[in-house]
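**Q** Structure in structure tokens, see below.
Chains as they are written, first to last, in my numbering: chain A, 1 to 476; chain B, 477 to 557.
Written out as structure tokens, the structure is:
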């Protein structure tokens, strides 16, 4: 088996070794599978491992590359996919008991694109049931149980791409596919100390992926570095006529290299000052330190506020109403009673009471909010803030109640998800409990290069992304 | 205005009407505790809707959900016309 140091290399570094035939895709897949079998169950990180498929793909990659047919940066690179994308012949459980034996006889478009790129699927990653589509109150709301944070297994990974976060952080795969309707990539990336990118809405096809909110769902990469997120996005982005909301050909594609991503002038960064109700002590200093690193390297930093408007309300209502339509059959049949979370079991009944007028009104307000946010980007290339308002929460924390307290109307995930903006979180420090903090960058819709440029520039000058969890206590 | 929920009497009446409708349709599936939980959710939803309703809109302000016309794969709209 390969040394742990190799398994924590970036996709770019692994890809270069594979391209130059210094590393065997077969040996790499075997090593990640071995590690996943050993450590994965201790973290509840996977729903299903796919060793037969992985080894078939790894052998094919080795043969292709030996024959001079190198396909690109993901050729021979193992990955995991959140268990809401269809993989032909394997269970696709959506993380939920009512779908525990569900199988599809086709691949999701994103899986097809990865197959064509020669990538190697080693497993389906655990997730919050229905990706939280009908609501949930804690990390236990998953078919596979609470996903444990590799930095400290008494703490949660966040969700809903919980397994994807744990897998990358624990070195079980170099990258994993996640999905994000409102924060489901950014939060686990932040809590697990890895890079996580939510691409612009419509850039990555969702055909064959479970729907929650049709107008907000996105698929995106979770990896060690922002650069790796760019590499993966360059493969999975592209127009797909099977996804109604896919961006047009010529717009959806994402040609990427760190050189074309570097902006022609100093990066203009707006530090968001009014989005979180409160932040964990120490986090604000980490964000300020991160921005100082960028400033020392040429970026222009200034403070900016999000105007007061019902962003969170519009995001939450859009998700509630669209999810009720997406899961209408589950709710109407009463099978939602089989969900684990008490909120998920009943939320659909409440949401069925929304009217068409209410939905349309939310969407009309949304158009206005989108324009308002778009204007901010006349002055800034990216907005910056914490990936999440705290480090990971312990499993002993009381369940969160969606319906408690006033609405936190300017939280960044609601704003950026509602408006289809790209965002990327990378690690930037640690809490007093030695749990990772993340800094996230948000850009104008379709300016995915800007978030990668900001995060990549930060990572070139820091080594937070090279820190590894003390996995010894998981795998003594 | 209700001192805890911040909702008006009319808004609270809406909540009760919605709860009655849920119970009418799905009451056989719900425990008393779940019905109370649903009331709490409906109050929260009503609070969010109140924010949205207070936002001034004009007749021409169109929704973010639109039908996108399609055309044959491999052609441009110009070629099609």
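C-beta: ideal position from N, C-alpha, C; glycine also.
Pairs of beta-carbons, one from the region 352-370 of chain A and one from the region 228-245 of chain A, closer than 8 Å: are there three or more?
**A** No, the region 352-370 of chain A is not in contact with the region 228-245 of chain A.
**Q** Measure the alpha-carbon distance for residue 285 of chain A versus residue 224 of chain A and round it to whole angstroms.
**A** Rounded to the nearest angstrom, the two C-alpha atoms are 23 Å apart.
**Q** According to the Cβ coordinates, are residue 226 of chain A and residue 424 of chain A closer than 8 Å?
**A** Yes; because the gap between Cβ atoms is below 8 Å, this pair is in contact.
**Q** Any chance you could list the beta strand (DSSP E) runs of at least 3 consecutive residues sitting entirely within the region 300-373 of chain A, in chain order?
**A** Qualifying beta strand (DSSP E) stretches, in chain order: 300-304.
**Q** Under DSSP, the alpha helix (DSSP H) around residue 55 of chain A begins and ends at which residues?
**A** Where residue 55 of chain A is concerned, the enclosing alpha helix (DSSP H) stretches over 51-66.
**Q** Looking at residue 120 of chain A: is its Cβ nearer than 8 Å to the Cβ of residue 183 of chain A?
**A** No, Cβ-Cβ distance for residue 120 of chain A and residue 183 of chain A is not below 8 Å.
**Q** Can residue 232 of chain A and residue 248 of chain A be called in contact, C-beta distance under 8 Å?
**A** Their beta carbons are not under 8 Å apart, which means residue 232 of chain A does not touch residue 248 of chain A by this criterion.
**Q** Exposed or buried, what is residue 217 of chain A when buried is set at 16 or more other beta-carbons lying within 10 Å of its beta-carbon?
**A** Residue 217 of chain A should be labelled buried.
**Q** Checking 8 Å against the spacing of the C-beta atoms, do residue 481 of chain A and residue 126 of chain A come in under that value?
**A** In the structure as shown, chain A begins at 1 and stops at 476. Residue 481 of chain A is therefore absent and cannot be evaluated.
**Q** Could you have a look at residue 149 of chain A and say whether DSSP puts it in helix, strand or coil?
**A** Three-state result, residue 149 of chain A: strand.
**Q** Where residue 186 of chain A and residue 197 of chain A are concerned, what is the direct C-alpha to C-alpha distance, given to the nearest angstrom?
**A** One C-alpha to the other measures close to 7 Å.
**Q** Out of curiosity, what's the CA-to-CA distance linking residue 207 of chain A and residue 177 of chain A?
**A** Residue 207 of chain A and residue 177 of chain A: Cα-Cα distance of roughly 14 Å.
**Q** Establish whether the CB of residue 529 of chain B and some CB of chain A are separated by less than 8 Å.
**A** Judged by the 8 Å Cβ criterion, residue 529 of chain B is in contact with chain A.
**Q** Given a threshold of 16 other Cβ atoms within 10 Å of its Cβ, counted over all protein chains shown, does residue 57 of chain A qualify as buried or as exposed?
**A** Under this definition residue 57 of chain A is a buried residue.
**Q** Assign residue 424 of chain A to one of three DSSP states: helix, strand, or coil.
**A** Note: residue 424 of chain A maps to strand in three-state DSSP.
**Q** Please give the ranges of any beta strand (DSSP E) in the region 100-152 of chain A, keeping only runs that are unbroken, at least 3 residues long and fully inside the region.
**A** Fully enclosed beta strand (DSSP E) runs of 3 or longer: 120-125.
**Q** Which residues, taken in chain order from the region 339-360 of chain A, show a beta carbon closer than 9 Å to some beta carbon of chain B?
**A** Cβ contacts with chain B: 342, 343, 345, 346, 347, 349, 350, 351, 352, 353, 354, 358, 359 and 360.
**Q** Is it buried or exposed for residue 534 of chain B, if we count other Cβ within 10 angstroms and need 16 for buried?
**A** Exposed: under 16 other Cβ atoms inside 10 Å.
**Q** Going by other Cβ atoms of all chains shown within 10 Å of its Cβ, with 16 needed for buried, is residue 414 of chain A buried or exposed?
**A** Residue 414 of chain A comes out buried.
**Q** Within the chosen definition, does the region 425-443 of chain A reach the region 322-332 of chain A through at least 3 CB pairs nearer than 8 Å?
**A** Because the criterion of three Cβ pairs below 8 Å is not met, the region 425-443 of chain A and the region 322-332 of chain A do not touch.
**Q** How would you label residue 580 of chain B, buried or exposed, when you count the other beta carbons within 10 angstroms and need 16 or more for buried?
**A** Because chain B is modelled from 477 through 557, residue 580 of chain B falls outside the range shown and cannot be assessed.
**Q** According to DSSP, is residue 188 of chain A part of a helix, a strand, or is it coil?
**A** Three-state DSSP puts residue 188 of chain A in a helix.
**Q** If we define contact as Cβ-Cβ less than 8 Å, is residue 334 of chain A a contact residue for chain B?
**A** So yes, residue 334 of chain A belongs to the interface.
**Q** When we look at the beta-carbon of residue 396 of chain A and count the other beta-carbons within 10 Å, is it buried (16 or more) or exposed?
**A** Classification for residue 396 of chain A: exposed.
**Q** Report the rounded CA-to-CA distance for residue 516 of chain B versus residue 373 of chain A, giving the unit in angstroms.
**A** Taking the straight line joining both Cα atoms gives about 31 Å.
**Q** Of all Cβ atoms in chain A, is any one closer than 8 Å to the Cβ of residue 508 of chain B?
**A** Residue 508 of chain B does not count as touching chain A.
**Q** Taking residue 84 of chain A as the reference, which of A:16, A:180 and A:24 has the closest Cα?
**A** Per the Cα distances, A:180.
**Q** If we require 3 or more residues per run, which beta strand (DSSP E) segments fall completely within the region 406-475 of chain A?
**A** If we require 3 residues or more, the beta strand (DSSP E) runs fully inside the region 406-475 of chain A come out as 423-430 and 436-443.
**Q** Could you tell me whether the region 10-30 of chain A touches the region 148-165 of chain A, where touching means 3 or more Cβ pairs closer than 8 Å?
**A** Not touching, per the Cβ criterion.
**Q** Under 9 Å Cβ-Cβ, which residues of chain B neighbour residue 181 of chain A?
**A** What residue 181 of chain A touches in chain B: nothing, since even the nearest Cβ is about 15 Å away.
**Q** For residue 556 of chain B, does the count of other Cβ atoms within 10 angstroms reach 16, so buried, or fall short, so exposed?
**A** With a pLDDT of only 46 at residue 556 of chain B, under the threshold of 50, the placement of this residue in the model should not be trusted; the figure read from the coordinates follows. Counting Cβ neighbours within 10 Å, residue 556 of chain B comes out exposed, since fewer than 16 surround it.
**Q** Going by C-alpha to C-alpha distance, which of A:289, A:170 and A:165 sits closest to residue 189 of chain A?
**A** Comparing Cα-Cα distances from residue 189 of chain A to each of A:289, A:170 and A:165, the minimum goes to A:165.
**Q** Using only the alpha-carbon positions, how far apart do residue 366 of chain A and residue 421 of chain A sit?
**A** Those two C-alpha atoms are separated by around 13 Å.
**Q** Going by DSSP, which residues form a beta bridge with residue 386 of chain A?
**A** According to DSSP, residue 386 of chain A bridges with A:439.
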